[in-house]
Every structure is written in C-alpha cells, then in structure tokens.
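So the sequence lines, in the order shown, correspond to chains A and B.
Heads up: the first sequence begins at 1 in the UniProt record's numbering, then just goes up one per residue.
Heads up: the second sequence begins at 1 in the UniProt record's numbering, then just goes up one per residue.
Number of protein chains: 2
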Amino acid sequence: MPLENPPGSAFLLAAVGAHAAARFAERVAALDLTPPQVGLLGLIAASPGQSQQQVAQVLGMPPSRLVGLVDALADRGLVERRRNPDDRRLHALHITEAGRAVLDEIGAVGRAHDDALCRSLDADERETLRALLSRIAADQGLRPGVHPGYRSV
Amino acid sequence: MPLENPPGSAFLLAAVGAHAAARFAERVAALDLTPPQVGLLGLIAASPGQSQQQVAQVLGMPPSRLVGLVDALADRGLVERRRNPDDRRLHALHITEAGRAVLDEIGAVGRAHDDALCRSLDADERETLRALLSRIAADQGLRPGVHPGYRSV
DNA sequence: TATTGTTATACTCTATAACTATA
DNA sequence: TATAGTTATAGAGTATAACAATA
C-alpha cells in the first residue's frame, strides 16, 4: 500500500521500474539471456579490450561474479577472452561477430519493450519523461548506461 | 551500457527505479525493517482484518512466504493475528498501536527519501513526473500502492 | 610479495510441496 | 474431502574467501 496518499514519486518510480525490469527480463529470456548478461554484453561492446577487473569495477560487482557471466557469453561465442601477451594474467574482453548480431536483436527487443511500456504516452510526453529521469539519474550519480541493480551492497 | 543511445525510457526507468528502491531499503533498514515488511505493514493498515491468503493474493506472493513476514512483524508487536471464532482456520491480520507508530516513522522516512531522490526537480516537474508515472502504472495494470517487485513469477 | 582470474564455500531469499488443524 | 496456515526441503543467485598462475 502507498505509505503516502497519493504515493510519492519515489514509490512510483520503484514500482514502475521493477515492472519494466521484469517485462524486459521476460523478453530477453526469449533470447536465452538474463538482464545481467545483456548489461555485460553491452558494456563489452561499448568498451572493448578491458580486463575483467576493470569491467567488474564499472558494473560494481565482485570479479568472481563476472567469471560466470563471461563464461555463459563465451560458451555461446558471443564474447571472447584474449590473453594479453605482455601480462598473461589479464584477459581482455571482446565482442564477436555473433555477439554483435545478438546485440542487434537485443536492441530490437529493447525498442519494442520501450514502446509497450510507454504506449499510454505521446511522443512529447515520452521525451519529457526521459528528460526528467535523466536529470534524476545524473543528480543521483548513476553512471549512464549502467544498471545499478547489478551492483552489490 | 545503454543498448540504445540515448537510453530509452524503459532502461532509465528500471535503473532509476532500482536506485530508488535500494536507497529506500537503506533508510528503512535503520528502522530494522525490510521493504517487503514495510509493504505488508502498509497493506494491513490499509485493509485490516484480511486473512493471510487474501493478503498473499493481493501482494502476489505464495502464502507460505507471508508467514515469515507476518512472524517478523508480530514478534515485534507491530501486527497481530486474530483467530476468527466462526472459522478457526482463519487468522485476521490487524495493525497494533505500536505498528501505527512505526508506520508514521516510515511515512517520514518515505518523504525524506522522496525529497532526496527528486531534489533536482522543482515542484511542477515532480508533479509532471508523478502524473506520467501514474499513467504508465495504470496502463500496465499495476495495482496502486502494491510494489510488483515482491510478486512471484 | 602482489595481482588476475578462478574455484569453493556459505549464506540469503524464495518457491514448491508436505504437513496440521480445522471445517 | 477441502481449505488456512505452517513447516520442510530444495533451488537460484550472490558474496566472501581460498587458490593457482603470473608478475
């Protein structure tokens, strides 16, 4: 129940955000992917060649957790680990051609998801919503494009 | 990373919503409560006398999960189970005076949380945001005041 | 000795299903 | 037999810490 009546923006944000995340998870499940895997794939595509430590740092998760995520994507040939010859401890992460193709599919899924979620808003209203949310995100210190839900406490 | 550039409303909503939920969880943790407990307490206050089955139905969780949540609140004297004399299988849930007092504290915490989250928006903008989010929530079939994140798949 | 990536372990949360008491 | 509530069990997800390879 709303603790305030009417419910405050924060409650609405959390509720609608959780709904949006759940619906998105359903959609990418059809591609046999989880949201954290999607976030990781997108990050590797945007910043190729980084080490697992660096990626874990950006995503705000322990490096040990990254191992399984990278394994899942690598097993399917969507990303690859390349050993750095200068320092053979480092594994640079790169997206593959197959990974890029899947990323395109994810993009289509994301747009469909966006449309379904905001279908009750016209174009101007969607832009207003995006602008307000972007302002909050920046003010609250959220890194653009990084979902804080994958971050540890 | 945003799969679209700029990120769509849905991604922003999920990200800011997760952030809002995490910050709220931190705040109520200071009252020794978890967000599901807060949601349950608020629901019992708003609709007293319902059975656990009914409450579980509204919250979208299995009745077995409700047991632990009610136990935690009942052990602290915030709610109580009252057996129905006509059908002794049913436990009607009621909030206590102590529960009401805690609910007041939660309300204050929620307002502070709301202010902190939306501090980059002026009053008009906050109202605009609330209106747009309310529209999406209604269109997407979210029950007012019920956080879908506690719902099972 | 320090660091990268990995594996092992343990813990939290939750759903499913068995169980009890009432009807 | 059916239903409300409870307890038991099991599974998913994740953090912490130990470990092996490399520096």
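Where is the CB? At the ideal position from N, CA and C, for every residue including glycine.
On a predicted model such as this, the values are computed, not experimentally measured, just so you know.
The count of Cβ pairs closer than 8 Å, one atom from the segment 86 to 105 of chain B and one from the segment 5 to 17 of chain B, stays below three, leaving the stretches out of contact. Between residue 18 of chain A and residue 17 of chain B, the CB-CB gap stays under 7 Å.
Here DSSP, grouped into helix, strand and coil, assigns residue 83 of chain A to strand. Beta-bridge pairing by DSSP links residue 92 of chain B to B:82. By the neighbour-count criterion, in which 16 or more other beta carbons inside 10 Å mark a residue as buried, residue 68 of chain B falls on the exposed side.
Of the residues assessed, residue 123 of chain B falls on the exposed side of the cut-off, its CB having fewer than 16 other CB atoms within 10 angstroms.
By the beta-carbon neighbour count (other beta carbons within 10 angstroms, threshold 16), residue 50 of chain A is buried. DSSP, read as helix, strand or coil, puts residue 141 of chain B in coil.
For the 7 Å CB-CB criterion, residue 110 of chain A and residue 79 of chain A do not form a contact. Within the same chain, and ignoring the five residues on either side of residue 105 of chain B in sequence, the residues whose Cβ sits closer than 8 Å to its Cβ are 31. Below the 8 Å Cβ cutoff, chain A contributes 128, 132 as neighbours of residue 128 of chain B, in chain order. Within the same chain, and ignoring the five residues on either side of residue 126 of chain A in sequence, the residues whose Cβ sits closer than 8 Å to its Cβ are 118. Membership of residue 37 of chain A in the alpha helix (DSSP H) is indicated by the continuous run 35 to 46.
Between residue 40 of chain A and residue 52 of chain A, the C-beta gap is not smaller than 7 Å, which leaves the two residues out of contact. A Cβ-Cβ separation of about 13 Å leaves residue 103 of chain B out of contact with residue 145 of chain B under the 8 Å criterion. In the structure shown, residue 13 of chain A adopts helical secondary structure according to DSSP, grouped into three states.
In the three-state scheme derived from DSSP, where H, G and I count as helix and E and B as strand, residue 50 of chain B is classed as coil.
Proximity of chain A to residue 120 of chain B at the Cβ level (cut-off 7 Å) is accounted for by 135, 136, 139, in chain order.
For residue 30 of chain B, the secondary structure class from DSSP, reduced to helix, strand or coil, is coil. Residue 73 of chain B and residue 29 of chain B have their C-alpha atoms spaced approximately 14 Å apart. Around the C-beta of residue 120 of chain A, fewer than 16 other C-beta atoms lie within 10 Å, and the residue is accordingly described as exposed. For residue 113 of chain B, the neighbours in chain A by C-beta distance under 7 Å run, in chain order, 10. Interface residue (Cβ-Cβ distance to chain A less than 7 Å): residue 17 of chain B is classified as such. Taking C-beta atoms as the reference points, residue 130 of chain A and residue 9 of chain B count as a pair closer than 7 Å. Listed along chain A are 132, each with a C-beta nearer than 7 Å to that of residue 125 of chain B. With a cutoff of 7 Å on beta-carbon distance, residue 14 of chain A and residue 20 of chain B are scored as near each other.
Cβ neighbours of residue 59 of chain B within its own chain (closer than 8 Å, five residues either side excluded): 39, 40, 43, 66, 146, 150, 151. If you look at residue 147 of chain B, you'll find it isn't in any alpha helix (DSSP H); DSSP assigns it neither H nor E.
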